[in-house]
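If you read the sequences in order, they're chains F and R.
Note that the working numbering has the first sequence beginning at 21, numbered continuously upward.
Note that the working numbering has the second sequence beginning at 68, numbered continuously upward.
C-beta atoms are modelled at their ideal positions from N, C-alpha and C, and glycine is treated no differently.
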Amino acid sequence: MDLPEDLKYTREHEWARREGNRITVGITDYAQKELGDVVYVDLPPLGRTVSQGESFGVVESVKTVSDLYAPVGGKVVAGNEELVQKPELVNSSPYGEGWMIVIELSQAEELDNLLDARAYRALVEGQGS
Amino acid sequence: MNLTTNDAGRLLPGQVQYSLLCNESGGIVDDITVYRLAADRFMLCVNAANIEKDLRWLKSHWQWEAKLQDLSSETVQLAIQGPSAEPLLQRLTPAQLGSISYYGFVVEQVAGVQSLISRTGYTGEDGFEIYYHRDHARQVWEKIMEAGKSFGLKPCGLGARDTLRLEMQYALYGHDLDDSTTPLEAGLGWVVKLDKGNFLGGEPLRRRKAEGIPRKLIAFELGERGVPRSHYPIFSGDRPVGHVTSGTFSPCLQKGIGMGYVDSGDLTGELSAEIRGKKIRIQRVTTTFWPSRVKKHPRSSTTP
Numbered sequence: 021m022d023l024p025e026d027l028k029y030t031r032e033h034e035w036a037r038r039e040g041n042r043i044t045v046g047i048t049d050y051a052q053k054e055l056g057d058v059v060y061v062d063l064p065p066l067g068r069t070v071s072q073g074e075s076f077g078v079v080e081s082v083k084t085v086s087d088l089y090a091p092v093g094g095k096v097v098a099g100n101e102e103l104v105q106k107p108e109l110v111n112s113s114p115y116g117e118g119w120m121i122v123i124e125l126s127q128a129e130e131l132d133n134l135l136d137a138r139a140y141r142a143l144v145e146g147q148g149s
Numbered sequence: 068m069n070l071t072t073n074d075a076g077r078l079l080p081g082q083v084q085y086s087l088l089c090n091e092s093g094g095i096v097d098d099i100t101v102y103r104l105a106a107d108r109f110m111l112c113v114n115a116a117n118i119e120k121d122l123r124w125l126k127s128h129w130q131w132e133a134k135l136q137d138l139s140s141e142t143v144q145l146a147i148q149g150p151s152a153e154p155l156l157q158r159l160t161p162a163q164l165g166s167i168s169y170y171g172f173v174v175e176q177v178a179g180v181q182s183l184i185s186r187t188g189y190t191g192e193d194g195f196e197i198y199y200h201r202d203h204a205r206q207v208w209e210k211i212m213e214a215g216k217s218f219g220l221k222p223c224g225l226g227a228r229d230t231l232r233l234e235m236q237y238a239l240y241g242h243d244l245d246d247s248t249t250p251l252e253a254g255l256g257w258v259v260k261l262d263k264g265n266f267l268g269g270e271p272l273r274r275r276k277a278e279g280i281p282r283k284l285i286a287f288e289l290g291e292r293g294v295p296r297s298h299y300p301i302f303s304g305d306r307p308v309g310h311v312t313s314g315t316f317s318p319c320l321q322k323g324i325g326m327g328y329v330d331s332g333d334l335t336g337e338l339s340a341e342i343r344g345k346k347i348r349i350q351r352v353t354t355t356f357w358p359s360r361v362k363k364h365p366r367s368s369t370t371p
């Protein structure tokens with residue numbers, strides 16, 4: 021299981037990468053493996069404001085459909101349009117080309133509510149992966 | 068009184084038949100395959116999730132001299148499916164696989180283990196299902212995986228099997244069929260032989276047929292992106308007229324496909340499925356989504 025040390029994680033299996041005020045969001049390697057082949061990703065329109073923990077979209081695989089939850093609150097300033105044509109990037113490159121949205125962070129302290137790589141690993145290993 | 072809805076009396080030893088167990092109101096207790104092992108011996112292959120329920124039901128209605136024996140916990144079934152199933156399995160068995168017709172079976176060794184080999188499956192591909200004693204579960208599995216290396220054999224779970232069976236519009240018990248569903252509405256009238264004499268569930272089914280069938284199981288594909296899932300409502304305009312019982316994203320067609328029940332009066336109109344709050348138009352499909360490649364040997368015209 022690939023779990024980059026420099027990312028923060030949610031209990032719902034999203035990751036967050038901070039660059040200044042901008043937080044790039046995707047789903048973890050564990051999540052993509054559990055979902056199996058991703059066939060659709062529905063992302064919010066640019067400019068929408070989300071709060072921490074709010075559903076911002078949906079990821080659908082052959083097996084199932086799951087909500088996506090915002091790791092932090094803020095304004096959605098970018099979405100990965102490539103996922104419309106190539107949803108499989110979520111499987112092949114969950115932390116890279118499979119990124120989903122960028123949120124402009126409104127409250128930096130919300131990052132403290134997220135898990136680090138070690139805590140997230142403990143969480144998913146507890147789930148029997 | 069007969070046990071199953073199809074006519075097991077027409078089976079010869081070495082033949083298999085798709086059939087149903089029906090309850091007092093004509094609902095489906097289980098969908099099963101019936102193997103005629105000998106003139107006076109039959110094997111029923113039931114859905115694993117229904118073993119307890121079937122046994123309870125069979126025991127409470129048993130009225131025949133024949134002995135009923137539950138071999139479930141000691142029996143393994145493996146399904147080897149796909150265009151290479153025959154050459155692959157042939158490497159492990161002295162049985163003449165080429166002479167087993169669709170819905171036929173033989174008893175022979177597979178990887179040195181006494182097995183029942185039937186040309187059956189739940190994928191729409193040519194292939195075999197083999198049954199053998201659980202003491203050899205691992206040994207046979209490993210030999211098959213080993214022999215399968217040069218054929219590109221892969222283990223496959225229920226998710227993959229679900230896409231295959233849905234592309235063939237094979238009903239799945241617990242989704243498309245249940246105790247309150249009749250075979251008539253499920254499109255399984257062809258395995259209900261109402262004229263063969265009485266059988267469990269026969270009377271109510273005759274009555275229901277005469278009364279008219281209120282709803283029907285249809286297969287459909289989505290006109291736009293989306294994946295239908297079990298329990299999503301189906302609408303004709305703004306009127307709810309049914310619900311989805313199975314759905315998936317078809318890897319072959321690269322689109323959402325599904326099955327569901329629709330009121331008989333609304334079968335011809337324009338239909339939509341509500342997918343997470345959004346109505347998406349569905350098109351009824353009356354042929355299989357993908358061509359079936361089961362091997363209907365010329366001889367199978369005589370099998371039921």
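Inclusion of Leu109 (chain F) and Val79 (chain F) in the CB contact set at 8 Å is not warranted, their separation being larger than that value.
The beta carbon of Glu34 (chain F) does not come within 8 Å of any beta carbon belonging to chain R, so the residue lies off that interface. Within the region 243-313 of chain R, the complete alpha helix (DSSP H) segments at least 4 residues long are 269-278, listed from N- to C-terminus. Asn100 (chain F) counts as buried, since no fewer than 16 other beta carbons sit within 10 angstroms of its beta carbon. Boundaries cannot be given for Thr84 (chain F), as no alpha helix (DSSP H) includes it and DSSP labels it neither H nor E. One Cα belongs to Asn265 (chain R), the other to Val83 (chain R), and the distance between them is close to 21 Å. Between Ser331 (chain R) and Pro281 (chain R), the CB-CB gap stays under 8 Å. Between Gly191 (chain R) and Leu231 (chain R), the C-beta gap is smaller than 8 Å, which places the two residues in contact. For Met21 (chain F), there is no enclosing alpha helix (DSSP H), since its DSSP letter is neither H nor E. For Arg306 (chain R), no chain F residue has a Cβ inside 7 Å of its Cβ, as the nearest lies near 25 Å away. Taking each of R:Ser303, R:Gly256 and R:Asp333 in turn and checking the Cα distance to Asn73 (chain R), the smallest one comes out for R:Gly256.
Pairing Val96 (chain F) with Cys112 (chain R), the inter-Cα distance amounts to about 54 Å. Under the DSSP assignment, Lys95 (chain F) falls in the beta strand (DSSP E) whose first and last residues are Gly94 to Gly99. The Cβ atoms of Gly77 (chain F) and Asp62 (chain F) lie closer than 8 Å to each other.
Look at Val85 (chain F): its C-beta is under 8 Å from a C-beta on chain R. For the pair Gly67 (chain F) and Gly118 (chain F), the CB atoms are not nearer than the 8 Å cut-off.
The beta carbon of Gly194 (chain R) is closer than 7 Å to those of Ala146, Ile147, Gln148, Gly149, Ala152 and Gly188 in its chain, skipping five residues each way along the sequence.
The three-state secondary structure of Lys346 (chain R), taken from DSSP, is strand. Rounded to whole angstroms, the Cβ separation of Pro300 (chain R) and Glu252 (chain R) is 18 Å, and the two are not in contact under 8 Å.
By the criterion of a C-beta distance shorter than 7 Å, Ala214 (chain R) is surrounded in its chain by Leu155, Arg158 and Leu159, once the five residues flanking it on both sides are discounted. By the Cβ-count criterion, Cys89 (chain R) is buried, with 16 or more other Cβ atoms from all chains shown falling within 10 Å of its own Cβ. Nearest Cα to Ser81 (chain F) within the set R:Leu267, R:Ser92, R:Gly179 and R:Gly323: R:Gly323. Straight across, the Cα-Cα distance linking Ser217 (chain R) with Gly327 (chain R) is about 40 Å. Thr312 (chain R) does not reach chain F, its nearest Cβ partner there being about 16 Å away, counting only Cβ pairs nearer than 9 Å. Per DSSP, the unbroken alpha helix (DSSP H) holding Gly215 (chain R) starts and ends at Ala204 to Gly215. Membership of Lys363 (chain R) in any alpha helix (DSSP H) is not indicated, and neither H nor E is assigned to it by DSSP. Interface with chain R (8 Å Cβ-Cβ cutoff): Gly99 (chain F) is excluded. Setting aside the 5 residues that flank it on each side, Asp87 (chain F) is surrounded in the same chain by Ser75 and Val78, each with a C-beta closer than 7 Å to its C-beta; the list follows chain order. Under the DSSP definition of a beta bridge, Glu39 (chain F) partners with F:Arg42. The residue among F:Val144, F:Ile123, F:Asp22 and F:Ala142 with its C-alpha nearest the C-alpha of Gly73 (chain F) is F:Ile123.
Annotation for Ser92 (chain R): Pro271 place their beta carbon closer than 6 Å to its own, counting only its chain and skipping 5 residues before and after. Rounded to whole angstroms, the gap between the alpha carbons of Thr312 (chain R) and Arg275 (chain R) is 22 Å. With fewer than three CB-CB distances shorter than 8 Å, the region 92-107 of chain R does not count as touching the region 120-136 of chain F.
Residue pairing by DSSP places Asn133 (chain F) opposite no residue, since no beta bridge is assigned to it. For the region 43-74 of chain F, the set of positions with a beta-carbon nearer than 7 Å to some beta-carbon of chain R reads Gly56, Val59 and Tyr60 in chain order.
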